[in-house]
Every structure is written in structure tokens, then in C-alpha cells.
Amino acid sequence: MIQRPPSQSIPSRPGSYLFKDKEGRVLYVGKAKSLRNRLNSYFQQLSNLPIRTQQMLEEAQSLDWIQVTNEAEALMLEHNLIQEHQPRYNVRLRDDKSYPYLAVTVSDKWPRATLIRGKLKKANRYFGPYVDVGAIRDTLDLLQRTFPLRTCSDAKYRRHERLGKPCLDFHIKKCCGPCVDEVTEEGYQNLVTELLQFLEGDTENVLSALKKEMESASAAQEYERAARLRDNLLNVQKAAERQLMVGTRSEDFDVLGVEQDELGASVHAFLIRKGKVMGQRALTVDKTQEMTGEALVAKVLEKIYIEKSPMGYPKRVFVPELPENKDFFESWLSELRGSKVQISVPHRGDKRSLMETVTINARDSFQRNRLKRATDHNTRSRALSELQQYLDLPNAPLRIECFDMSHIQGTNYVGSMVVMEDGLPKKKDYRRFKIQRVAGNDDYAAMEEVISRRLSSYVAELEKPINERNAFSYTPQLILVDGGKGQLSAALKAFKKLNIDQSIPVAAIAKKNEEIFIPDRHGPIEIPRGSEALYLVQRIRDESHRFAVSYHRQLRSKTMTGSALEGIPGIGKVRAARLVKEFGSVKKVQQATLEDLENLPWLPSDAAKAVYQKFISPPRTAGSTYGR
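Residue numbers for the sequence shown follow the working numbering, beginning at 3 and rising by one.
Here it is in C-alpha cells:
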């Protein structure tokens, strides 16, 4: 474990710091406004620190730091060091997909318009990224008919220049033919300027200029040219319609939406320039350490704006919650933009609605990423192998059974068992348990009862012929219980009562820090964040919890229905359930008028009156104290 350096030896200036292991590998890179203050915060009682920070400090053997002039330089240095070393304790952010940009190579003598992916060159102008590749290709095709810039590669351009013959694009009027001197350099640069103006969102000026030129050609009786300009005008109008207007024409802002859980997050951003959605950005975050929402937003802002955006920097950034060190980020972005930038949370109006739309995109991306990981065979195999390694299991747990409890103050106590085979849910083997032998609120006893009932069925099924056995006869390679050491002990008691040896591995997973407890081990096992094994464990735990809660709600609903409508003449269980279904809830049945009840064709008049009389408020009498 690393030893605390003398406090006076640590500079108080801004900078970045590196924790390294015994072999000199970088474990974690951080930044600080004051290196002394930040590093001193690590060297305190370990139990007061997050689990992952404790693990990092125990593994670290040395500490280095680099001083810089200001906090912005510290941010840039941290980014570069993370890119270089890829430390395993740093949060990992990566682009969700490789979306294409529309690029205009403005540094070339004869600039070309093209779609590109991958690394962006500073010399070019970029627009996007675009999610719908087909749509941007169609848009580029429309724009070529009005702004006929070349789209060919430099090699193809030089070949046709040597031949003195233009390519097909020239003949179908999608290129003005600079390779064969069909356009002057000045005329070509005018086309480039007009295209850039359009792509930047200034569509009105472009449309107005084309309309004026068309009318002028018509007035001069240049009907062929007027018809060509009319077609160009229609093409530009179609292309403009593809750009979604979400603000006023003077507004430049970005909107960030986030969907996350304990292990990861998906981020979606709309880039709005001059009131139009000019591009989008999607990021995937693997949380290798615990993070607050404020810390996550700060990391996302760093990722999006640390490298110069082809779209430039916005006047405002709307986020789901304010980042850590908001003042710094506003100052940093203002410096990058050259004018004031504000970061805020939209609470109402159009910006709030747009935030909800962006968040829906983030949520969709989050679910797709989870589904992709869950359904990918190689990923599932890796998760099971990692789980075998971390829990020291004899085999990869091809069948995992997970148990959870649900109740409210000891009422409607239920348990759930969900099953995953080969990393996929096997819903036909799911089971629900209504707790029978536990009085009051006792999670440990309830867990013992559920595990006992499951194992009793397992033992009973093994005594039957093979062809008569059901799903309870399958031997799980791992039993997981939701909880900590107490739930684990309860499960082991069930094994002992039934004289079952510990041939079936058992583990408990605690929600707070995603810690796993196993028998005969004092401390918890913490599976690394970002690992496929932890993702699998979390997913089966969440599914077990969902299944238990849904059963509990079902029982609670039946209890509420039965207690409220119980004892009413003419209302049995069937009619009570039908009343609740008809009106939507017990409360609405209680609020129903006599007319509402008598209008139900299946409910006898006497029963309707009995229900109404049951819930009608008692009338006031002369002896009432109301109003006194």
C-alpha cells in the first residue's frame, strides 16, 4: 500500500497526478485545482473512502504529479495522460458508434464535399455527426444539384485532369467540372461559400438569393437558366426541410440527456446551431468507480468538448443536473468559444421538452447496449468465465438461480426465484413463493424458508425417475441471494437442515457497493466495475427483485380489494374483482355514484345499492358538531 508523502512536499498549484503499482503501471490519473488539497484527501481513514478508491490505494506503490499553470491546463493534461496510459481505475467514456460527418475540404484549391468517419482533420469544415446515414446521403445528393462541388477523391480528380475528360457527375450536372476548367476558381469558391452558409443554418439567405436570381433570369427571358435555378431552389428547400428546427434562428446550444445505472451510462447530445439540429453525439460510459450524477455530467462535458468540435462551441449547454465545479466548466468553455457560455438545467418550456427527447434517445441507446451485451454469445461466455474466476467456482455457472424478498412491514411476504442458463433468462423456470412460516418482519427467516422449499423440491425430484422430474431437479452451479452476510447465513442454514453438503456454491450480493459474500471468507469480493461478470450478476439481481416486487404488488392489490369490498351483500370475490377492473381501482369504486353502479348490466340492482350504501358518507344530523 502506498505511503503518505509529506504534506509540505506536495505543491499547492494546479496539476495532474498519477497513482502507480509496484511495476510502474498507471492505475489512476486525476486532476486538481490544488494538488496538495486533493492528494491529502486520499490519505485518511480507508473505511471513509469509496471501496474502489480503497482498492486503488492498497494496490498503489508510488505517486507522481505534474504541475501546470491553471485548472484548464490540468484538465488537458489529465485527458492526454488518460489517453496515453488507459488507467483501469479511471472512468471509461467512448463513442457509442462511428457516426459520419459531412466534410468540406476548405484548405484544398478545389474543395470537395464528402462523408467521412473516424479521425477529423483540423483543416476541414465538418457538419454532424449524423445518425441517419441514408438521410445525409440523400441530402448531399440534393445539395450537389444546387452547389455542384466535386465529391471525388484527389486521385480520381488528378486522373480526369490528366485525361482532360470529366467524370459522370459532370454529365449529370452534379459537378461543375473543375478538373477540365469548366468553372473559374472564383466561381467555385462562391459555390463553396454558399454551401457552407447553408450548412451553418443560414438557409433563408441562400433561398432568397436563388429566388432573386431565378426571377432575374425569367425577366431577362433566359428561360432555360430560370428553369435550372427553379430546380435548384426546390432542391435546397427539400434539403432545408430535413433540418429539424428546435429553436430561434439566433440560438446556439447543446442539450445532453443521460440514462444510467450503477455500472454504466449512455449519453446523447443534440448540437443545435441557429435553431436547427445540426448534429448528434452518443457516448457510452463504463463506471469503473462510484460516481455521483454531478461527477458523471462533468466527465461527459470533458469528453465532448476537450477536443475542438467541428460544430464549434455553443452559447448554452443544457444538462440533466449541474456538473461538479460548474464555474470552472463555464469559464473553460467561455475561453474556448471566445464569449460567455452558460451551463444550466431546463425546468420548463421548449428546452425541457427537448431535454426529454434527448433523454429518450439516451435511454434507447442504454437499453440497446444492455441487450447487445446480454444476447452476444461471446460476451456471455466471458461473463461466466470471469464469474467462475472471481468466485473461485469449480465450473462456469451455466445455471444460476437468484432469490429475493418483497414485503411491506411484514405483510404480503413473498419470495422470488429467477433462473439464468448460459447467461440468458429462463422464464419458464421462474418461481414465486408466498411466505408461510415467518411471522412479522424477518428477512433472514424468510430467505431460509424460500431456500429450504427450493432445496426440498430439489431433493424430492432426485428420488423420481428421470423422465418424471421437473425443473426443480436441475442442479444449479450457483445460488445467489440478494443481501449481505445475514442472507448468506440464512441460505446456509437451509442447506444444513436438509443435510445437503456444500456441493452447490452459494453467494450473496449486497446492493450498496455491489459486494459479493461467499462462505468461509471474512471480507467481501468486489468484482471490478465494467466487467461482464458484474454486469451479469447485477442483471440477474435486478430481474429477481422485479419478479418479487410484481408478485408482492399482485397480492397487495388482492388484499386491498378483498378488505375494502368484503362483507357487502351480493359482492363475492368474482364481482369484487370485476368492480375494481371496471372502475380502475378500489378508490374509484368507493367514489362511484349509485347511477354509475346501476348502469353496470352485470351487477344486480340490490348489490349496486349495497355497494353505494357501504361507502356513502354519513349525513349530518341536528346533533352534529360540524361548524362549531
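Glycine included, each C-beta is placed from N, C-alpha and C at the ideal position.
Residue burial classification, M280 (beta-carbon count within 10 angstroms, cutoff 16): Indexing the sequence shown from 1 puts residue 280 at position 278. By the 10 Å Cβ count, M280 comes out buried.
Distance, L285 Cα to P316 Cα: If you number the sequence shown from 1, residue 316 lands on position 314. If you number the sequence shown from 1, residue 285 lands on position 283. P316 and L285: Cα-Cα distance of roughly 19 Å.
Selection from Y460, I274 and Q479 that minimises the alpha carbon distance to R471: The residue given as residue 471 occupies position 469 in the sequence shown. With distances taken between Cα atoms, R471 lies closest to Y460.
Contact check, H81 vs I308, beta carbons under 7 Å: For the purposes of this step, residue 81 is identified with residue 79 of the sequence shown, where counting begins at 1. For the purposes of this step, residue 308 is identified with residue 306 of the sequence shown, where counting begins at 1. Cβ distance < 7 Å, so H81 and I308 count as in contact.
Residue of R543, T148 and K111 minimising C-alpha distance to E403: Along the sequence shown, read from residue 1 onward, the residue named residue 403 stands at position 401. The option with the nearest alpha carbon to E403 is R543.
Minimum C-alpha distance to L490 - residue among I520, L83, F172 and L198: The residue labelled residue 490 in the question sits at position 488 within the sequence shown. For L490, the nearest C-alpha among the options comes from I520.
Bridge partners - P399, DSSP secondary structure assignment: Within the sequence shown, numbered from 1, the residue matching residue 399 stands at position 397. Per DSSP, none; premise fails for P399.
Nearest candidate by alpha-carbon position, reference D522, set K487, V539, L536 and L596: Numbered from its first residue, the sequence shown carries residue 522 at position 520. D522 has its Cα closest to that of K487, out of K487, V539, L536 and L596.
C-alpha gap between R244 and G351, whole angstroms: Residue numbering aside, residue 244 sits at position 242 when the sequence shown is read from its first letter. Residue numbering aside, residue 351 sits at position 349 when the sequence shown is read from its first letter. Caution applies to R244, whose pLDDT of 47 falls short of 50 and renders its modelled position unreliable; the value that the coordinates give is listed next. Their backbone Cα atoms lie some 24 Å apart in a straight line.
Option nearest D183 by Cα separation, candidates V194, L193, G166 and P467: Translated into the one-based positions of the sequence shown, residue 183 becomes position 181. It is G166 whose Cα lies nearest to the Cα of D183.
Nearest-angstrom Cβ-Cβ length linking C181 and E163, presumed shorter than 8 Å: If you number the sequence shown from 1, residue 181 lands on position 179. If you number the sequence shown from 1, residue 163 lands on position 161. Going by Cβ atoms, the distance from C181 to E163 rounds to 4 Å, so yes, they are a contact pair.
Whole-angstrom distance between D445 and G412, CA atom to CA atom: Walking along the sequence shown from the start, residue 412 turns up at place 410. Walking along the sequence shown from the start, residue 445 turns up at place 443. Reliability of the predicted coordinates at G412 is poor, the pLDDT of 47 falling under 50, and no value is obtained from them.
Cα-Cα separation between G572 and V416, rounded to whole angstroms: If you number the sequence shown from 1, residue 572 lands on position 570. If you number the sequence shown from 1, residue 416 lands on position 414. Straight-line Cα distance between these residues: approximately 31 Å.
Neighbourhood of L2 by C-beta, 8 Å cutoff - its chain only, sequence neighbours within 5 removed: It is not possible to answer for residue 2, since the shown part of the chain is limited to 3 through 630.
Residue interval of the alpha helix (DSSP H) (run including S458): Here residue 458 is taken as the residue at index 456 of the sequence shown, counted from 1. Taken as a continuous stretch (DSSP letters only), the alpha helix (DSSP H) holding S458 covers D445 to L464.
The segment 293-307 / the segment 46-65 touching (three or more Cβ pairs under 8 Å): no
D406 - partner residues in DSSP beta bridges: Residue numbering aside, residue 406 sits at position 404 when the sequence shown is read from its first letter. Looking at the DSSP assignment, D406 forms a beta bridge with S418.
Minimum C-alpha distance to L356 - residue among L373, V343 and V321: The count along the sequence shown starts at 1 and reaches residue 356 at position 354. Of L373, V343 and V321, the residue nearest in Cα terms is V321.
DSSP three-state assignment for T286, whether helix, strand or coil: The sequence position of residue 286 within the sequence shown is 284, counting from 1. Three-state DSSP puts T286 in a strand.
Beta-carbon proximity list for C169, same chain, < 6 Å, skipping 5 on both sides: Translated into the one-based positions of the sequence shown, residue 169 becomes position 167. Hits under 6 Å: H162.
Burial state of L480, where buried means 16 or more other Cβ atoms lie within 10 Å: The residue you call residue 480 lines up with position 478 of the sequence shown. It counts as buried.
C-beta contact flag for I506 and I518 at 7 Å: Looking up residue 506 in the sequence shown gives position 504. Looking up residue 518 in the sequence shown gives position 516. No. Outside cutoff.
Pairwise C-alpha distance: N397 and D503: Mapped onto the sequence shown, residue 503 falls at position 501. Mapped onto the sequence shown, residue 397 falls at position 395. About 17 Å.
Distance, S11 Cα to T477 Cα: In the sequence shown, residue 477 corresponds to position 475, counting from 1. In the sequence shown, residue 11 corresponds to position 9, counting from 1. Those two C-alpha atoms are separated by around 59 Å.
Top-ranked residue by Cα proximity to I570, from Y614, F172 and E600: For the purposes of this step, residue 570 is taken as the residue at position 568 of the sequence shown. Looking at the Cα atoms, Y614 is the closest of the given residues.
For K590, the nearest candidate out of K575, L567, F172 and D608 (CA to CA): Looking up residue 590 in the sequence shown gives position 588. Nearest C-alpha to K590: L567.
Three-state secondary structure assigned by DSSP to P603: Start at 1 with the first residue of the sequence shown, and residue 603 comes out as number 601. P603: coil per DSSP, three-state reduction.
At least three beta-carbon pairs within less than 8 Å, the segment 383-394 to the segment 367-374: no
Buried or exposed (CB count within 10 angstroms, at least 16 for buried), P8: The residue given as residue 8 occupies position 6 in the sequence shown. The residue in question, P8, is exposed, as its Cβ has fewer than 16 Cβ neighbours within 10 Å.
Host alpha helix (DSSP H) of S383 (start-end): Counted from its first residue, the sequence shown places residue 383 at position 381. Unbroken alpha helix (DSSP H) run through S383: H379 to L393.
Contacting residues, own chain, Cβ-Cβ under 7 Å from R365 (five flanking each side not counted): Indexing the sequence shown from 1 puts residue 365 at position 363. Result list for R365: E261, in chain order.
C-beta contact flag for L231 and A221 at 7 Å: If you number the sequence shown from 1, residue 231 lands on position 229. If you number the sequence shown from 1, residue 221 lands on position 219. No, Cβ-Cβ distance for L231 and A221 is not below 7 Å.
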